[in-house]
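Residue 21 is where the sequence shown starts when you use our numbering, and the numbers rise one by one after that. Think of the CB as a built atom: it goes at the ideal place given N, C-alpha and C, for glycine as much as any other residue.
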Amino acid sequence: MPLPNSATSKREARLRFQRTSRGSFTLLKYRIMESITIRDFQPSDFDGLSEVWQLTNLGNPARGDNLDIILQSIAMGGKLLVAVNSDGMVVGTSWMTFDGRRIHLHHFGVHPSYQRQGIGKMLTRESLRFVMAKGYQVKLEVHRNNNEAINLYKQFGFQYLGDYDVYIIRDLNSISI
């Protein structure tokens with residue numbers, strides 16, 4: 021099944037009412053929802069993507085995530101999806117890298133001003149379409165106190181793998197062998 025290059029959600033407004041004791045309705049919440057498109061990353065998205073990563077604590081210089089690394093990971097079978105608003109502003113990201121055995125989903129985040137609007141679900145859905153087309157298992161890591169993300173992932177069938185810690189060496193110059 022071919023994958024679409026983008027997915028679009030148009031939600032004009034979300035209204036929430038509550039019936040009062042007198043039988044009338046009170047408006048509880050009103051939020052204008054703009055059009056959001058999920059599409060493949062383009063190099064011109066890098067600055068906006070970096071801003072989302074900074075705001076969501078997904079990026080820092082120590083990680084070494086730069087445009088060359090992104091393009092290399094895509095060339096090796098990965099994919100980077102971005103959620104953009106109607107003005108072209110990057111408001112969410114989902115980066116999938118491939119190690120030849122499974123797909124790793126990471127750098128998954130939504131701009132704080134756009135959270136709780138269904139963008140995370142859209143990104144997850146499109147990410148899993150890519151994973152299913154590849155036919156490999158998918159793995160992700162999430163901070164144990166990020167309950168909203170954990171609940172989102174569980175809705176799509178992710179299961180807790182086990183109780184283990186993750187270790188990394190970021191600075192190869194620090195290795196003493």
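What do you get for residue i, buried or exposed, if any count of 16 or more other CB atoms within 10 angstroms of its CB means buried?
{"i": "residue 168", "result": "exposed"}
{"i": "residue 99", "result": "buried"}
{"i": "residue 140", "result": "buried"}
{"i": "residue 61", "result": "buried"}
{"i": "residue 111", "result": "buried"}
For residue i, which of the options has the nearest alpha-carbon?
{"i": "residue 109", "options": "79, 153, 72 and 120", "result": "72"}
{"i": "residue 113", "options": "185, 129, 123 and 105", "result": "129"}
{"i": "residue 65", "options": "96, 101 and 151", "result": "101"}
{"i": "residue 116", "options": "157, 183 and 187", "result": "157"}
{"i": "residue 118", "options": "194, 61, 191 and 159", "result": "159"}
{"i": "residue 59", "options": "83, 88, 127 and 143", "result": "143"}
Mind checking whether residue i and residue j have CB atoms under 9 Å apart?
{"i": "residue 147", "j": "residue 125", "result": "yes"}
{"i": "residue 57", "j": "residue 103", "result": "yes"}
{"i": "residue 123", "j": "residue 151", "result": "yes"}
{"i": "residue 83", "j": "residue 164", "result": "no"}
{"i": "residue 127", "j": "residue 79", "result": "yes"}
{"i": "residue 55", "j": "residue 106", "result": "yes"}
By DSSP, does residue i sit in helix, in strand, or in coil?
{"i": "residue 199", "result": "Residue 199 falls outside the range modelled here, since the chain spans only 21 to 197, and no answer is possible."}
{"i": "residue 157", "result": "strand"}
{"i": "residue 68", "result": "helix"}
{"i": "residue 114", "result": "strand"}
{"i": "residue 121", "result": "coil"}
{"i": "residue 151", "result": "helix"}
{"i": "residue 78", "result": "coil"}
Rounded to the nearest angstrom, what separates residue i and residue j at their Cα positions?
{"i": "residue 166", "j": "residue 70", "result": "21 Å"}
{"i": "residue 63", "j": "residue 171", "result": "31 Å"}
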